[in-house]
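Once you know that position 99 of the sequence shown is 121 in this note's numbering, the rest is easy, because the numbers rise by one and skip nothing. From the three backbone atoms N, C-alpha and C, an ideal C-beta is built for every residue, glycine too. Treat the numbers as computed from the prediction; the structure is a model and nothing was measured. Below is one structure, written out as structure tokens, with a few remarks after it.
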Amino acid sequence: MIGHVRGVVSRCTETGVVVDVSGVGYVISTIGGHRYSVDDEVFFYTHSHIVEQAFDLYGFETTDQLWLFRLLLSISGVGPKMALNILNLGSAKEITDAIAAGDVAYLTAVSGVGKRTAERVVVELRDKVGGIDANSASPVGQRLSDVVDALISMGYSSAQAREVVRHLDHAEKNVEDLIRDALAAVTGR
């Protein structure tokens, strides 16, 4: 699995970019791909999607976008292309707020998302999207988001990870220390 890609845009496509990383071009589908130009330096958190004969990479500028993308993929009937289209609606916070508010009309604005699919997204994710911290772009928000991602990768549920992180004392601590504190809180030590 490829966790992230850092490189230079060598070509723009309809659905994303080709990122040159030391002479290897990675085709990455991303939201807002039209915003990039050839020779832009980029960094994407990635999701590898492997099915039968295809190995696709989806890239995101923030861990919140990646987290929401993976949550959307957990919904029956929502594939990577539809999840990416949903993420094109707005920021991760705007989308989670719409889901939490049960705003089906907001989600049906996406081509291919009908009322039933939008209702399924709302029903299945409403409790999981407790909202994203408005400061997630800040260094503290990014560190906390990285801790949530680490806990999820260790098998904890998204809700459990966010709840633990919400109660951490994060003052002047690095990600490793925060992960250690979070694990201690989860295990009761």
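Contacting residues, own chain, Cβ-Cβ under 6 Å from residue i (five flanking each side not counted)
| i | result |
| --- | --- |
| ALA120 | TYR128 |
| VAL40 | SER32, ARG33, GLY47, VAL49 |
With 16 other Cβ atoms within 10 Å as the buried cut-off, status of residue i
| i | result |
| --- | --- |
| GLN87 | buried |
| ALA181 | exposed |
| THR209 | exposed |
| SER51 | buried |
| HIS189 | exposed |
Boundaries (first-last residue) of the alpha helix (DSSP H) holding residue i
| i | result |
| --- | --- |
| VAL111 | For the sequence presented, residue 111 should be read as Leu rather than Val. Premise fails: LEU111 is in no alpha helix (DSSP H) and is neither H nor E. |
| ALA204 | 197 to 209 |
| ARG57 | Note, ARG57: premise wrong, no alpha helix (DSSP H); not H, not E. |
C-beta contact flag for residue i and residue j at 8 Å
| i | j | result |
| --- | --- | --- |
| VAL27 | ILE97 | no |
| ILE3 | VAL170 | Any question about residue 3 goes unanswered here, given that the chain covers just 23 to 211. |
| GLY29 | VAL64 | yes |
Run of the beta strand (DSSP E) containing residue i, from where it starts to where it stops
| i | result |
| --- | --- |
| ARG148 | Taken as a continuous stretch (DSSP letters only), ARG148 belongs to no beta strand (DSSP E), as it is neither H nor E. |
| SER70 | 63 to 73 |
Same chain only: Cβ atoms within 8 Å of residue i, ignoring 5 sequence neighbours per side
| i | result |
| --- | --- |
| GLY153 | Because the pLDDT of GLY153 is 46, which lies under 50, any placement of that residue in the model is unreliable, and the number read from its coordinates should be weighed accordingly. Here the set comprises LYS115, THR118, ASP119, ALA122. |
| VAL126 | LYS137, ALA140, GLU141, VAL144 |
| ARG148 | ILE121, ALA122, GLY124 |
From the options, residue whose alpha carbon lies closest to that of residue i
| i | options | result |
| --- | --- | --- |
| LEU109 | ALA207, GLN75, GLY54, MET176 | GLY54 |
| SER151 | SER175, ALA172, GLU185, ASP199 | Contrary to the premise, residue 151 reads as Val rather than Ser in this sequence. Nearest option by C-alpha distance: GLU185. |
| GLY81 | LEU173, ILE174, LYS103, TYR178 | LYS103 |
Beta-carbon proximity list for residue i, same chain, < 7 Å, skipping 5 on both sides
| i | result |
| --- | --- |
| GLU146 | ILE97 |
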